[in-house]
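I have placed the structure first, in the form of structure tokens, so that the comments after it can refer back to it.
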Ligand SMILES: Cc1cc2nc3c(=O)[nH]c(=O)nc-3n(C[C@H](O)[C@H](O)[C@H](O)COP(=O)(O)OP(=O)(O)OC[C@H]3O[C@@H](n4cnc5c(N)ncnc54)[C@H](O)[C@@H]3O)c2cc1C
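Residue numbers (the numbering used here): 55 to 454.
Following this line, the structure appears as structure tokens:
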């Protein structure tokens with residue numbers, strides 16, 4: 055699974071990003087026998103988080119553990135290769151896409167899936183970064199339960215980002231203060247609604263957070279304002295902008311790209327750029343790990359279904375095959391009656407339906423050594439067989 059991917063290969067899909075979206079896409083594609091190269095430079099959005107919540111069967115695990123389990127399970131799929139490099143550029147090619155890594159390597163693929171996530175913009179006053187993931191959070195659906203019934207502050211401005219989040223937080227606590235760090239920009243309507251819920255508003259500029267304890271979910275700190283009394287809190291939920299981790303979609307001409315996220319079609323996560331998919335936080339849906347994973351699966355299935363399929367018809371297609379060093383010329387294709395194998399070489403994918411395939415070792419399938427309009431040259435090294443084929447095998451299959 056890990057290793058040095060070949061730059062000469064044409065991959066079915068390159069995935070940029072190994073968070074829940076990219077890893078799940080790789081898993082689904084691996085199970086479809088797709089040849090997949092996944093890049094991940096190991097800087098997930100939730101790196102500071104102590105526990106992942108709201109993910110079926112993994113509620114409360116460390117985010118790094120979720121990724122480790124996913125990587126471990128991915129290792130079972132030999133056609134998936136993971137590389138730790140950062141992808142810095144992407145371009146269109148005749149066969150799909152090429153990407154360039156920071157260390158100067160180039161790779162080509164038919165499909166490109168961007169699952170690179172986003173990065174959050176934290177308030178820059180001292181204390182926020184120290185408490186990020188322990189007492190400073192952005193998502194109530196991720197960490198609201200852990201902070202329930204505690205004294206909370208909301209950091210945000212305007213009706214939606216400030217007032218709306220403060221009102222939403224009443225699901226978890228009735229001790230809430232909205233801190234707008236400057237003029238709140240709230241409408242009269244929102245001021246009244248906040249007032250009805252007993253939510254106070256502090257519009258003074260925040261100078262810093264003075265931290266007594268930063269134990270995750272049990273922290274205590276004071277919000278120190280430039281004027282006015284301190285405010286003792288156990289947690290802050292903030293609502294600021296997040297930005298895409300890469301601009302690769304924009305470089306590829308995706309005009310629904312914005313720093314906040316790409317708009318994609320909801321069924322398959324595809325952008326309007328053929329072959330380009332975006333999944334996870336980098337698309338514009340709800341920003342949660344299980345949704346990112348689901349979008350990765352959607353993109354994987356969508357990209358697989360969109361592979362053009364050309365079927366060889368019985369008797370109408372001829373092939374030459376090197377079989378254990380013996381050239382078999384112009385063998386007619388016949389109807390399949392036994393095992394199947396699907397594999398890639400160069401720019402062509404082949405699905406073989408052939409009795410002898412069942413005799414191949416799973417890690418050593420036939421290779422196509424050359425393709426032309428007349429057919430394909432198949433190379434089946436003798437060491438890849440469990441036992442030598444006894445007869446001239448009939449061969450049929452599909453190009454995809
Ligand atoms: C503090 C915090 C707590 C959270 N808690 C929860 C929670 O409890 N429950 C929940 O469901 N969600 C939670 N989230 C949200 C969750 O982290 C995201 O929704 C999820 O990680 C999105 O997955 P993703 O695969 O889209 O992106 P990410 O997980 O961010 O993964 C993207 C990956 O792509 C890599 N990458 C980016 N650019 C490149 C490049 N150019 N080349 C190579 N690699 C690249 C990054 O290094 C990263 O590993 C939390 C977020 C934060 C910030």
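All C-beta atoms, glycine included, are put in the ideal place defined by N, C-alpha and C. Note that this is a predicted model, so its numbers are computed, not measured.
With the cut-off set at 8 angstroms, would you say residue 221 and residue 202 are in Cβ contact?
The sequence position of residue 221 within the chain shown is 167, counting from 1. The sequence position of residue 202 within the chain shown is 148, counting from 1. The answer is no: Cβ separation not under 8 angstroms.
Scan the region 278-343 and note each continuous beta strand (DSSP E) run of 3 residues or more that stays entirely inside, going in chain order.
Entirely contained in the region 278-343, the beta strand (DSSP E) runs reaching 3 residues are, in chain order, 285-287, 289-292, 296-298, 330-332.
Would residue 190 and residue 345 be called neighbours here (beta carbons separated by less than 8 angstroms)?
Position 136 of the chain shown holds residue 190. Position 291 of the chain shown holds residue 345. No, these two residues do not count as a Cβ contact at 8 angstroms.
Pick from 185, 117, 227, 242: whose alpha carbon is nearest that of residue 213?
Taking the chain shown and counting its residues from 1, the one referred to as residue 213 is at position 159. Per the Cα distances, 242.
Under three-state DSSP, which class holds residue 253?
As a working note, residue 253 is residue 199 in the chain shown. In the structure shown, residue 253 sits in coil (DSSP, three-state: anything other than H, G, I, E or B).
Is residue 292 near ligand 1, going by C-beta to nearest heavy atom under 7 angstroms?
Looking up residue 292 in the chain shown gives position 238. Not under cutoff, so the answer is no.
Can you grab the Cα-Cα spacing for the pair residue 59 / residue 162, in whole Å?
Within the chain shown, residue 59 is the residue found at index 5, counting from 1. Within the chain shown, residue 162 is the residue found at index 108, counting from 1. Taking the straight line from one Cα to the other gives about 11 angstroms.
Considering only the beta carbon of each residue, do residue 91 and residue 128 sit closer than 8 angstroms?
Taking the chain shown and counting its residues from 1, the one referred to as residue 91 is at position 37. Taking the chain shown and counting its residues from 1, the one referred to as residue 128 is at position 74. Cβ distance not < 8 angstroms, so residue 91 and residue 128 don't count as in contact.
So which of 311, 176, 265, 224 has the shortest CA-CA distance to residue 235?
Walking along the chain shown from the start, residue 235 turns up at place 181. Checking every option, the nearest Cα to that of residue 235 belongs to 176.
Mind checking residue 122: buried by the 16 CB within 10 Å criterion, or exposed?
Against the chain shown, residue 122 aligns to sequence position 68. By the 10 Å Cβ count, residue 122 comes out exposed.
Indicate, with yes or no, if ligand 1 has a heavy atom lying under 7 angstroms from the CB of residue 106.
As a position in the chain shown, residue 106 is number 52, starting the count at 1. Within the cutoff, so yes.
Is it true that the CB of residue 111 sits closer than 8 angstroms to the CB of residue 188?
Position 134 of the chain shown, counted from the first residue, corresponds to residue 188. Position 57 of the chain shown, counted from the first residue, corresponds to residue 111. Their beta carbons are not under 8 angstroms apart, which means residue 188 does not touch residue 111 by this criterion.
To the nearest angstrom, how far is the alpha carbon of residue 75 from that of residue 304?
The count along the chain shown starts at 1 and reaches residue 75 at position 21. The count along the chain shown starts at 1 and reaches residue 304 at position 250. C-alpha separation (whole angstroms): 19 angstroms.
Is residue 95 near ligand 1, in the sense that its beta carbon is under 7 angstroms from a heavy atom of that ligand?
Counting from one through the chain shown, the residue named residue 95 turns up at place 41. Yes; taking the cut-off as 7 angstroms, the Cβ of residue 95 has a heavy atom of ligand 1 nearer than that.
CB residue 276 to CB residue 257, shorter than 8 angstroms?
In the chain shown, counting from the first residue as 1, residue 276 sits at position 222. In the chain shown, counting from the first residue as 1, residue 257 sits at position 203. Cβ distance not < 8 angstroms, so residue 276 and residue 257 don't count as in contact.
Between residue 72 and residue 333, what straight-line distance do the alpha-carbon atoms span, to the nearest angstrom?
Here residue 72 is taken as the residue at index 18 of the chain shown, counted from 1. Here residue 333 is taken as the residue at index 279 of the chain shown, counted from 1. Roughly 11 angstroms between the two C-alpha positions.
The alpha helix (DSSP H) spanning residue 196 covers which residue range?
Here residue 196 refers to the residue found at position 142 when the chain shown is read from its first residue. Per DSSP, residue 196 belongs to the alpha helix (DSSP H) from 194-197.
Do three or more CB pairs link the region 204-213 to the region 292-307 at distances below 8 angstroms?
yes
Can you tell me where the alpha helix (DSSP H) with residue 128 in it begins and where it stops?
In the chain shown, counting from the first residue as 1, residue 128 sits at position 74. Segment 117-128, the alpha helix (DSSP H) holding residue 128.
Between residue 300 and ligand 1, is there a pair consisting of the residue's CB and a ligand heavy atom that are separated by less than 7 angstroms?
Reading the chain shown from its first residue, position 246 is the one you call residue 300. Relative to ligand 1, the nearest heavy atom lies less than 7 angstroms away from the CB of residue 300.
Any heavy atom of ligand 1 closer than 7 angstroms to the beta-carbon of residue 207?
Taking the chain shown and counting its residues from 1, one reaches residue 207 at position 153. No, the beta carbon of residue 207 sits no closer than 7 angstroms to any heavy atom of ligand 1.
Roughly how many angstroms separate the alpha carbons of residue 342 and residue 109, rounded to a whole number?
Walking along the chain shown from the start, residue 342 turns up at place 288. Walking along the chain shown from the start, residue 109 turns up at place 55. Cα to Cα, the separation comes out at about 9 angstroms.
Could you round the C-beta distance between residue 353 and residue 79 to whole angstroms and report it? I think they count as a contact, below 8 angstroms.
For the purposes of this step, residue 353 is taken as the residue at position 299 of the chain shown. For the purposes of this step, residue 79 is taken as the residue at position 25 of the chain shown. Contact holds; Cβ gap of about 5 angstroms.
Given this structure, state the Cα-to-Cα distance separating residue 106 from residue 194, to the nearest angstrom.
Locating residue 106 in the chain shown gives position 52, where the first residue counts as 1. Locating residue 194 in the chain shown gives position 140, where the first residue counts as 1. Each residue's Cα considered, the two are about 12 angstroms apart.
Looking at the structure shown, is residue 352 part of a helix, part of a strand, or coil, going by DSSP?
Position 298 of the chain shown, counted from the first residue, corresponds to residue 352. Reduced to three states, the DSSP call for residue 352 is helix.
Restricting to Cα atoms, I'd like to know which of 338, 86, 313 is closest to residue 324.
As a first step, residue 324 is located in the chain shown; it is residue number 270 there, counting from the start. Of the listed residues, the one whose Cα sits closest to residue 324 is 338.
Within 10 Å of its beta-carbon, does residue 302 have 16 or more other beta-carbons around it, so buried, or fewer, so exposed?
Looking up residue 302 in the chain shown gives position 248. Around the CB of residue 302, 16 or more other CB atoms lie within 10 Å, so the residue is classed as buried.
My output table needs one value for residue 264: the three-state DSSP class, helix, strand or coil.
Translated into the one-based positions of the chain shown, residue 264 becomes position 210. If DSSP states are grouped into helix, strand and coil, residue 264 belongs with the strands.
By DSSP, does residue 361 sit in helix, in strand, or in coil?
Taking the chain shown and counting its residues from 1, one reaches residue 361 at position 307. Interpretation of residue 361 is limited by its pLDDT of 44, a score under 50 that renders its predicted location unreliable; no figure is taken from the coordinates.
Taking 8 angstroms as the threshold (C-beta atoms), are residue 85 and residue 131 in contact?
Here residue 131 corresponds to residue number 77 of the chain shown, with the count starting at 1. Here residue 85 corresponds to residue number 31 of the chain shown, with the count starting at 1. In terms of Cβ geometry, residue 131 and residue 85 form a close pair [threshold 8 angstroms].
Using a Cβ-based criterion (distance less than 7 angstroms to any ligand heavy atom), does residue 70 qualify as near ligand 1?
Looking up residue 70 in the chain shown gives position 16. Yes.
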